[in-house]
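Chemist:
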Amino acid sequence: MHPRGSEPSLTDTLHIAFAIVTVLLMMLAIGFGAAAFGKRFRRYSVATLVILVACGVLTGLDGPRIAANLPTPWVGVWERINIGVFLLWVVVVAIALLPLRRQVHLEAAALSRHTRRSGQASVQMRDGRDEREAKPGPSVLRA
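Residue numbers (my numbering): 30 to 172.
#1: In this structure, how does DSSP classify D41 when only helix, strand and coil are distinguished?
#2: Tell me which residue opens and which closes the alpha helix (DSSP H) that T101 is part of.
#3: Starting from the Cα of T77, find the closest Cα among H134, V120, L135, L127 and give me that residue.
#4: So with Cβ pairs under 8 Å, would you call I45 a contact of chain C?
#5: Can you tell me whether S74 is buried or exposed? The criterion is at least 16 other CB atoms within 10 Å of its CB, across all chains shown.
#6: Sorted by chain position, which residues of the same chain lie with C-beta nearer than 8 Å to A96's C-beta, five sequence neighbours on each side aside?
#7: Could you check the C-alpha separation between A46 and L53 for me, to the nearest Å?
#8: According to the Cβ coordinates, are M56 and L90 closer than 8 Å?
#9: Where G62 and L99 are concerned, what is the direct C-alpha to C-alpha distance, given to the nearest angstrom?
#10: By a C-beta neighbour count over all protein chains shown, 10 Å radius and 16 as the cutoff for buried, is G166 buried or exposed?
#11: Distance, Cα to Cα, I124 vs I110?
#12: Where does V114 land, buried or exposed, given buried means 16+ other C-beta within 10 angstroms?
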């Protein structure tokens, strides 16, 4: 963004356009996260969305004052609240994913123990068959 009072340029317009796209992607991510986890996380995600929308509206209301080169002492606060609320949401998602990471490690360790005992890896196919029972598909490369 250019300093206030200067002629608006393409970069100013692109700044606003990219900010809108960024907020929409943030809201989309929050929506997917809300659907993926339990009720408590869904409520937290909805609260995050409400704060994002409220601060976005407050920022947007000051847009004409910015264009008119008038004082807007709270715009930076609303923008930083938006960024902080989203970053906090990302931290909470990371914390929510930690138990899944532990579960993946436990399953990998169990598979490793099974492989050492049997002497051969046995990978299950999606349809439940062992990979050794699967028929080879047609070869793309022919000799």
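A virtual CB, placed ideally from N, CA and C, is assigned to each residue, including glycine.
Modeler: By the coordinates alone:
#1: helix
#2: That residue, T101, is in no alpha helix (DSSP H); it is neither H nor E in DSSP.
#3: V120
#4: Looking for chain C here will not work: only one protein chain is present.
#5: buried
#6: P37
#7: 11 Å
#8: no
#9: 39 Å
#10: For G166, the predicted model reports a pLDDT of 47, less than 50, meaning its position is unreliable and no value from the coordinates is stated.
#11: 21 Å
#12: buried
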